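Trainee: So the sequences go chain by chain: A and B. Under full-length UniProt numbering, think of the first position of the first sequence as 1, with each following residue one higher. Under full-length UniProt numbering, think of the first position of the second sequence as 1, with each following residue one higher. No residue lacks a Cβ here, since even glycine has one placed at the ideal position from N, Cα and C. Note that the coordinates shown come from a computational prediction; the quantities given were computed from them, not determined experimentally.
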Amino acid sequence: YDHDVIIFSPQGRIHQIEYAMEAIDSHIGVSIAGLTADGQVLSRFARDECFNHRWAYDSALTVSRLVDNLASKLQVPTQVYGKRPFGVGLLIAGFDIGIGPRVFYQCPSANYYDCKSIAIGARSQSARTYLEGKLDEIAATKTPEELIKHGLIALRNTLPNEMELSVKNCSVALVGSDIDFTVYEDSAVEPYLALIREEPSAGAADDGQPSTQSTSGDGAAGPGSSGAAEGEVRMEEA
Amino acid sequence: MSASFYTKPANNGNAGVAMETSWDSNPGRQRTLQPITTGASVLAIKYNAGVIMVADTLGSYGSLAKFRSIPRVLRVNDATVAAASGDLADMQFLNTVVENHAIDEEIHEHGIAYSPASLHSWLTRVMYNRRSRINPLWNTYIVAGTEAGQPFLGYVNMLGVAFKEDCLATGFGSHLCLGLLREALDAAGGYAGLTEETATSALEACLRVLYYRDCRAYNQYQLANVPVAKPAQVSGPHFLQSDWSVAKLVKHYTE
Chain A
1 YDHDVIIFSP QGRIHQIEYA MEAIDSHIGV SIAGLTADGQ VLSRFARDEC
51 FNHRWAYDSA LTVSRLVDNL ASKLQVPTQV YGKRPFGVGL LIAGFDIGIG
101 PRVFYQCPSA NYYDCKSIAI GARSQSARTY LEGKLDEIAA TKTPEELIKH
151 GLIALRNTLP NEMELSVKNC SVALVGSDID FTVYEDSAVE PYLALIREEP
201 SAGAADDGQP STQSTSGDGA AGPGSSGAAE GEVRMEEA
Chain B
1 MSASFYTKPA NNGNAGVAME TSWDSNPGRQ RTLQPITTGA SVLAIKYNAG
51 VIMVADTLGS YGSLAKFRSI PRVLRVNDAT VAAASGDLAD MQFLNTVVEN
101 HAIDEEIHEH GIAYSPASLH SWLTRVMYNR RSRINPLWNT YIVAGTEAGQ
151 PFLGYVNMLG VAFKEDCLAT GFGSHLCLGL LREALDAAGG YAGLTEETAT
201 SALEACLRVL YYRDCRAYNQ YQLANVPVAK PAQVSGPHFL QSDWSVAKLV
251 KHYTE
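This is the structure:
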């Protein structure tokens with residue numbers, strides 16, 4: 001059932017929908033949830049915008065400018081006959097010199113939101129709840145490790161009972177004043193996962209019950225799939 | 001890309017040289033062949049706490065000193081100023097574009113203001129592009145300001161040639177004054193040893209030399225000062241004192 005994006009599985013899932021995370025420029029990265037082919041078009045566009053800006057202005061395109069340009073592009077097919085919206089939600093994270101870290105959530109509707117933290121995807125509500133409860137703590141973090149811990153705990157809260165975060169289903173990316181957008185995958189994630197093993201599961205912010213969502217989510221745990229875990233989480237240090 | 005390499009010359013073909021442009025289908029359109037109303041030299045020098053730039057306020061119409069109060073110095077934002085010599089119509093056109101860019105930056109939420117290095121880079125791209133289309137903006141620009149806490153000074157001309165230096169001058173200024181500015185810098189051991197007062201008086205001395213020796217120069221000028229720690233300020237018009245008493249020694253000169 002993963003031969004074509006328009007084919008539903010008997011369970012009502014579209015297997016072509018995945019998660020992916022990639023760098024756009026040295027100071028910006030995106031994670032894409034949805035039709036990855038559409039996501040690639042937008043990634044390529046975003047890289048182009050960043051490159052053209054650097055070539056003309058010899059400086060980095062600010063995250064908010066990039067998101068603005070992306071949104072303008074996404075809006076077109078929502079208002080033109082015969083086109084369909086881009087089937088992706090994007091989390092755009094970056095660092096602007098003189099401004100600080102930025103996180104944006106871009107919707108297929110072309111709406112976008114400037115966030116302090118955000119989680120999107122299947123069962124991401126518990127992650128958002130955790131993050132909202134920990135906003136002040138997150139704002140007070142002093143090291144990247146503390147920040148990543150919050151992110152991974154939030155992510156872990158979205159998992160069904162039988163699932164665990166592992167190097168096979170989870171990746172982390174970091175960007176900041178002294179670090180270019182860097183993705184940690186496979187064994188590189190292990191040090192960060194080790195940080196949260198001591199922390200109790202089902203974070204204090206939710207009601208202690210494991211998620212029992214009835215909505216069908218994207219099959220990150222499906223056979224042969226090795227995308228990032230459900231519910232991508234992005235955060236920023238204030 | 002459907003551009004052709006060679007097109008047969010149109011009726012009045014650009015002196016026989018064929019270009020791949022829309023001129024053939026748009027014969028009313030013209031290229032810049034010569035500057036008409038012109039501005040003379042621009043001079044600029046870094047000092048220990050910023051950079052200063054001067055330009056007189058004359059718009060010459062050939063040899064006629066036609067417009068005597070033309071501002072040639074543009075304040076882009078708190079950290080950036082720019083001035084141009086050459087065709088003043090082209091300068092005014094480009095300045096409008098730059099101003100609109102600057103407004104755009106300011107109103108965009110969380111946008112950062114245009115830095116002088118970014119403006120210099122963009123200007124270089126524009127000037128070189130126009131040169132490559134054989135339709136130049138007939139100007140030489142100097143961009144000055146504060147970049148990452150340091151004084152910035154850059155030059156771009158109609159050929160798209162661009163460079164950054166501690167002192168710059170355009171037109172006649174580059175012939176008559178650049179040496180004087182460089183001497184001032186050498187005497188101070190670099191711009192870090194140059195005070196604002198010394199820099200200003202060096203520029204004024206240069207303007208005086210130009211007024212004596214450049215037939216297209218003028219004795220009224222603007223001055224832009226961009227200190228690294230404070231906003232840019234454009235002041236003027238300032239008036240240059242000059243001494244023509246030597247004129248009576250010139251043979252055939254009558255009062």
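Count the other C-beta atoms from every protein chain shown that fall within 10 angstroms of the C-beta of A/Cys115, then say buried if there are 16 or more, exposed otherwise.
Mentor: buried
Trainee: B/His238 bridges to which residues according to DSSP?
Mentor: B/Tyr221
Trainee: By the three-class DSSP mapping on this structure, what secondary structure does A/Asn52 have?
Mentor: helix
Trainee: Going by other Cβ atoms of all chains shown within 10 Å of its Cβ, with 16 needed for buried, is B/Cys215 buried or exposed?
Mentor: exposed
Trainee: Output, in chain order, the set of chain B residues within a Cβ distance shorter than 9 Å of A/Ser59.
Mentor: Ile112, Ser115, Ala117, Ser118 and Ser121
Trainee: What does DSSP give as the partner residue(s) for A/Ser31 in the beta ladder?
Mentor: A/Met21 and A/Leu91
Trainee: Helix, strand or coil: how does DSSP classify B/Met53 here?
Mentor: strand
Trainee: Counting along the chain, where does the beta strand (DSSP E) carrying B/Leu194 start and finish?
Mentor: Note, B/Leu194: premise wrong, no beta strand (DSSP E); not H, not E.
Trainee: If you run the structure through DSSP and keep just helix, strand and coil, what is B/Cys206?
Mentor: helix
Trainee: List, in chain order, every chain B residue whose beta-carbon is nearer than 7 Å to that of A/Ala56.
Mentor: Ser121, Trp122 and Arg125
Trainee: Could you name the residues of the stretch 58-81 of chain A whose beta carbon sits closer than 9 Å to any beta carbon of chain B, in the order they occur along the chain?
Mentor: Asp58, Ser59, Thr62, Val63, Ser64, Arg65 and Asp68
Trainee: I need the DSSP call for A/Gly203, collapsed to helix, strand or coil.
Mentor: Low local confidence applies: a pLDDT of 43 at A/Gly203 is under 50, so the model's placement there is unreliable, and no value is given.
Trainee: Indicate whether A/Val183 and A/Ala173 have their beta-carbon atoms separated by less than 7 Å.
Mentor: Yes. Within cutoff.
Trainee: Tell me which same chain residues have a C-beta within less than 6 Å of the C-beta of B/Pro116, skipping the five on either side of it?
Mentor: Thr80, Val143, Gly145, Glu147 and Phe152
Trainee: Using DSSP bridges, identify the partner residues of B/Pro151.
Mentor: Answer is B/Thr146.
Trainee: Whole angstroms is fine: what's the gap from B/Arg29's alpha carbon to B/Arg133's?
Mentor: 14 Å
Trainee: Would B/Leu178 and B/Ala184 qualify as a contact pair, given that the criterion is a beta-carbon distance under 7 Å?
Mentor: Here B/Leu178 is not near B/Ala184, since their CB atoms are 7 Å or more apart.
Trainee: What is the DSSP secondary structure of A/Thr215, counted as helix, strand or coil?
Mentor: No answer about A/Thr215 holds up, because its pLDDT of 20 lies below 50 and its placement is not dependable.
Trainee: If you follow the alpha helix (DSSP H) that A/Arg197 is part of, which residue opens it and which one closes it?
Mentor: Glu190 to Arg197
Trainee: Given this structure, state the Cα-to-Cα distance separating B/Gln233 from A/Ala37, to the nearest angstrom.
Mentor: If I take the Cα positions, the gap works out to 51 Å.
Trainee: Is the stretch 95-105 of chain B close to the stretch 38-50 of chain A, with three or more CB pairs under 8 Å?
Mentor: no
Trainee: Nearest by alpha-carbon distance to A/Pro85: which of A/Leu66, A/Glu22, A/Gln106 and A/His27 is it?
Mentor: A/Gln106
Trainee: Going by C-alpha distance, which of A/Thr141, A/Asn111, A/Val67 and A/Gly12 is nearest A/Thr78?
Mentor: A/Asn111
Trainee: Taking all protein chains shown into account, decide if A/Arg197 is buried (16 or more other Cβ within 10 angstroms of its Cβ) or exposed.
Mentor: exposed
Trainee: Which residues in the same chain as B/Ser242 place their Cβ atom closer than 8 Å to its Cβ, once the five residues preceding and following it in sequence are excluded?
Mentor: Arg208, Tyr211, Tyr212 and Asn219
Trainee: Within its chain, find whatever has a CB closer than 7 Å to the CB of B/Pro71; leave out the 5 residues flanking it on each side and keep chain order.
Mentor: Thr57 and Gln222
Trainee: Span of the alpha helix (DSSP H) holding A/Gly133?
Mentor: In this chain, the alpha helix (DSSP H) harbouring A/Gly133 covers Gln125 to Gly133.
Trainee: What separation, rounded to the nearest whole angstrom, lies between the Cα atoms of B/Thr198 and B/Gly189?
Mentor: 13 Å
Trainee: For A/Asn52, which option in B/Leu137, B/Val161, B/Arg125 and B/Lys164 has the closest C-alpha, if you only look at C-alpha atoms?
Mentor: Comparing Cα-Cα distances from A/Asn52 to each of B/Leu137, B/Val161, B/Arg125 and B/Lys164, the minimum goes to B/Arg125.
Trainee: Just how far apart, CA to CA, sit A/Leu61 and B/Arg131?
Mentor: 26 Å
Trainee: What did DSSP end up calling residue 260 of chain B once you bin it into helix, strand or coil?
Mentor: As shown, chain B starts at 1 and ends at 255. That puts residue 260 of chain B outside it, with no answer to give.
Trainee: I'd like the list of long-range same chain contacts for B/His238, defined as Cβ closer than 8 Å, with 5 residues on each side in sequence excluded.
Mentor: Gln220, Tyr221, Gln222 and Leu223
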